[in-house]
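Every number in my numbering is 19 more than the matching position in the sequence shown, counting from 1. The C-beta atom is built at its ideal place from N, Cα and C for all residues, glycine as well. Read through the structure below, which is laid out as structure tokens, and then see the notes.
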Amino acid sequence: MISKIKNNSILIKSFLFICSISLLFTCSSAFANAVNDGIANTKPKWEETADHIISLGKTYMGTPYVYGAERFQDKTFDCSSYVQYLYGKFGIPLGWNSREQAKQGTWVPFDQIHKGDLLFFADEDFPNETGLNKVRHVGIYMGNGKILHTYEEGIGVIISDLRNDKLEGNYWYNYFLFAKRVLPEKN
Numbered sequence: 020m021i022s023k024i025k026n027n028s029i030l031i032k033s034f035l036f037i038c039s040i041s042l043l044f045t046c047s048s049a050f051a052n053a054v055n056d057g058i059a060n061t062k063p064k065w066e067e068t069a070d071h072i073i074s075l076g077k078t079y080m081g082t083p084y085v086y087g088a089e090r091f092q093d094k095t096f097d098c099s100s101y102v103q104y105l106y107g108k109f110g111i112p113l114g115w116n117s118r119e120q121a122k123q124g125t126w127v128p129f130d131q132i133h134k135g136d137l138l139f140f141a142d143e144d145f146p147n148e149t150g151l152n153k154v155r156h157v158g159i160y161m162g163n164g165k166i167l168h169t170y171e172e173g174i175g176v177i178i179s180d181l182r183n184d185k186l187e188g189n190y191w192y193n194y195f196l197f198a199k200r201v202l203p204e205k206n
């Protein structure tokens with residue numbers, strides 16, 4: 020009888036040991052998955068940078084537009100000095116005008132643009148220009164069909180809709196030339 024109790028005791032201890040180990044591995048695995056899910060859900064560096072650029076850019080809403088505005092200051096902007104200023108704050112050097120900026124980065128198809136990409140536009144006042152000479156304006160794509168940019172005295176820094184804009188209608192869509200990605204996509 021005593022040997023039967025000892026055998027049962029050993030079986031029970033073995034069973035409890037196996038259950039404890041199983042529970043430990045299950046909890047460890049669940050914790051590891053939760054940690055990995057948290058890491059997987061963090062934004063890529065390019066997106067964080069785009070968010071910071073856009074956030075900083077919005078603080079200049081209404082800042083006056085001046086064609087040929089002085090570089091690397093924040094009292095007045097033209098389209099290219101505004102973009103150059105914002106990206107420069109995050110260590111991304113850009114050219115001095117929209118045509119120079121259009122030479123930088125990687126070309127992006129219209130259906131693949133994402134926030135932080137630069138959008139380049141022609142101008143109705145220069146219909147006969149060709150190549151990069153067609154580029155007359157640059158803005159920052161914010162996502163959801165929105166452009167952060169500056170143009171025209173009396174308007175200054177503004178957010179516009181690419182299509183059906185309240186001030187310009189479909190102008191931005193109709194004169195869109197191409198997009199360039201200047202934010203590094205690798206972390």
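Whose C-alpha, out of the options, is nearest the C-alpha of residue i?
i, options, result
"V154", "K134, N163, K199 and R182", "K199"
"Q123", "K134, F129 and I111", "I111"
"D7", "I132, G175, K185 and P63", "Since the first residue of the chain shown is 20 and the last is 206, residue 7 is not available in this structure."
"H156", "F195, D184 and E148", "F195"
"F91", "F129, D130 and L105", "L105"
"K77", "T125, I159 and N116", "I159"
"P83", "L75, I132, I72 and T95", "T95"
"T125", "W115, F139 and N116", "F139"
"G162", "E148, D180 and D142", "D180"
"D70", "T169, D136, S100 and D130", "D136"
"H168", "P128, W191, V127 and K64", "W191"
Could you please give me the residues that DSSP links to residue i through a beta bridge?
i, result
"G114", "DSSP, once it has assigned bridges, lists no residue as partnering G114."
"V176", "T169"
"Y160", "I166"
"R200", "T125"
"L137", "I159 and K199"
"G81", "For G81, which the question treats as bridged, DSSP gives no partner whatsoever."
"F96", "Y84"
"G188", "D184"
For residue i, which residues in the same chain have their Cβ closer than 6 Å to its Cβ, ignoring the five residues on either side in sequence?
i, result
"T68", "F109 and L202"
"L186", "none"
Pull up the distance between the alpha-carbon of residue i and that of residue j, whole angstroms please.
i, j, result
"G81", "E172", "11 Å"
"K89", "T61", "For the record, residue 89 in the displayed sequence is Glu; it is not Lys. Straight-line Cα distance between these residues: approximately 37 Å."
"K165", "I177", "10 Å"
"Q103", "D144", "24 Å"
"N193", "K205", "32 Å"
"D93", "Y79", "8 Å"
"S100", "I72", "14 Å"
"G188", "R182", "7 Å"
"Y170", "G87", "11 Å"
"K64", "D142", "33 Å"
"E66", "L75", "14 Å"
"K134", "G107", "17 Å"
"N13", "N116", "The structure shown does not extend to residue 13, since the chain spans only 20 to 206, so no value can be given for it."
"F129", "T149", "20 Å"
Within the same chain, show all residues whose beta-carbon is closer than 8 Å to that of residue i, passing over the 5 residues directly before and after it, in chain order.
i, result
"L151", "R118, A121 and K122"
"D277", "This structure cannot settle anything about residue 277, because the visible part of the chain is limited to 20 through 206."
"V85", "T95, F96, D97 and E172"
Suppose the cutoff is 7 Å on Cβ atoms and the five residues either side in sequence are ignored; what does the same chain contact list for residue i look like?
i, result
"G114", "Q120, K122 and Q123"
"V127", "D136, A198, K199 and R200"
"Q131", "none"
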